[in-house]
Amino acid sequence: MKVRILIADDHKILRESLIILLQQEDDIEIVGEAADGHQAIQEILRLKPDIAILDISLPQLNGLDVAARLKQDCPDVKIIILTMHKNEEFVARAYQLEVNGYVLKDNALEELLKSIRIVQAGGIYLSSKITSTVVAGFVENFNFKKGKPELISSREREIVQLLSEGNTNKEIAKLLNISLKTVETHRSNIMHKLGFKSITDLVLYAVRNHIIEP
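In structure tokens, the structure reads:
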């Protein structure tokens, strides 16, 4: 039986190239693709792939927040992060979310194929450039302990990203299919929790915490 895969990456050429290359494998079937985080969630919930391959730097909702949502709403789907980011913060958050694989783009195809087969067989795959020593170090240094609550909720992180990307309250309400008043309430709560007075503070927070890319 073929492994059913969905690929989410905002770089169209890379995404299409990966699809062409992976489809050449006899044991792999590409069932869907997505260009942003919200589309990724919609398509994964609709298609129920065996594995979702997610870039971290997705617009509207980044790949790690997509992973967090999927762990709640679609826990049977295995997740492989495919990214250029070697930063300890990113790997630590992926570790906290218990993703099934973390692959670097600089040698993507060879490692991606290996990771797909290992993950589908029930294993965990970590890129060869990220050693177990590094993993142990960042988990301790950044204090990403399993179950530790974040200062803002996953929905609030989503709204922080959309606000930081320049969306208005009205646009966010439409994107998330919620009322304008709900968006305004979330925004007010976020600013209060974080102690911010301006959208500039919020954008800086989003960059520092890798919710958006600078």
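Numbering (the working numbering), first residue to last: 1073 to 1286. Every residue, glycine too, gets a C-beta built ideally from N, C-alpha and C. This structure is a prediction, so every number in the text was calculated from the model and none was measured.
Extract the residue ranges of the beta strand (DSSP E) inside the stretch 1115 to 1142, only unbroken runs of 3 or more that lie entirely within it. The qualifying runs are 1123 to 1126.
Residues that Thr1155 bridges to, as DSSP identifies them: Within the sequence shown, residue 1155 is the residue found at index 83, counting from 1. Here Thr1155 is bridged, per DSSP, to Leu1176.
Under three-state DSSP, which class holds Ile1077? Walking along the sequence shown from the start, residue 1077 turns up at place 5. Looking at Ile1077 - three-state DSSP - the assignment turns out to be strand.
To which residues does DSSP link Ala1164 through a beta bridge? The residue labelled residue 1164 in the question sits at position 92 within the sequence shown. Note: Ala1164 sits in no beta bridge, so no partner.
Going by alpha carbons, who is nearest to Gln1095 out of His1083, Asn1172 and Val1075? Taking the first residue of the sequence shown as 1, we reach residue 1095 at position 23. Of the residues His1083, Asn1172 and Val1075, the one whose Cα lies closest to the Cα of Gln1095 is Val1075.
Do Gln1233 and Ile1123 come within 8 Å of each other at the CB atom, strictly closer than that value? Within the sequence shown, residue 1123 is the residue found at index 51, counting from 1. Within the sequence shown, residue 1233 is the residue found at index 161, counting from 1. Not in contact: Ile1123 and Gln1233 (Cβ atoms no closer than 8 Å).
Ordered along the chain, which non-local residues of its own chain (more than five positions away) have a Cβ less than 7 Å from that of Pro1221? Looking up residue 1221 in the sequence shown gives position 149. With a pLDDT of only 44 at Pro1221, under 50, the local geometry of the prediction cannot be trusted, and the value read off the model is given with reservation. Excluding sequence neighbours, Pro1221 sits near nothing in its chain.
Buried or exposed for Gly1219, going by 16 or more other Cβ atoms inside 10 Å? Against the sequence shown, residue 1219 aligns to sequence position 147. Bear in mind that a pLDDT of 40 at Gly1219, under 50, signals an unreliable position, so the model cannot answer this.
Contacts around Leu1184, its chain only, beta-carbon distance under 6 Å, and the 5 residues preceding and following it disregarded: The residue given as residue 1184 occupies position 112 in the sequence shown. Cβ contact annotation for Leu1184 (same chain, cutoff 6 Å, sequence separation greater than five): Val1175, in chain order.
Nearest neighbour of Leu1117, chosen from Lys1143, Leu1136, Asp1098 and Asp1127 [CA to CA]: Taking the first residue of the sequence shown as 1, we reach residue 1117 at position 45. Taking only the C-alpha atoms, the option nearest Leu1117 is Lys1143.
Alpha-carbon to alpha-carbon, Asp1099 and Gly1194: Taking the first residue of the sequence shown as 1, we reach residue 1194 at position 122. Taking the first residue of the sequence shown as 1, we reach residue 1099 at position 27. Using only the alpha carbons, I get a separation of about 16 Å.
For Thr1205, does the count of other Cβ atoms within 10 angstroms reach 16, so buried, or fall short, so exposed? One-based indexing of the sequence shown puts residue 1205 at position 133. Residue placement at Thr1205 cannot be trusted, given a pLDDT of 43 that sits under 50; the coordinates are not used to answer.
Could you tell me the boundaries of the alpha helix (DSSP H) in which Ile1284 lies? Along the sequence shown, read from residue 1 onward, the residue named residue 1284 stands at position 212. Judged by DSSP secondary structure, Ile1284 falls outside any alpha helix (DSSP H); it is assigned neither H nor E.
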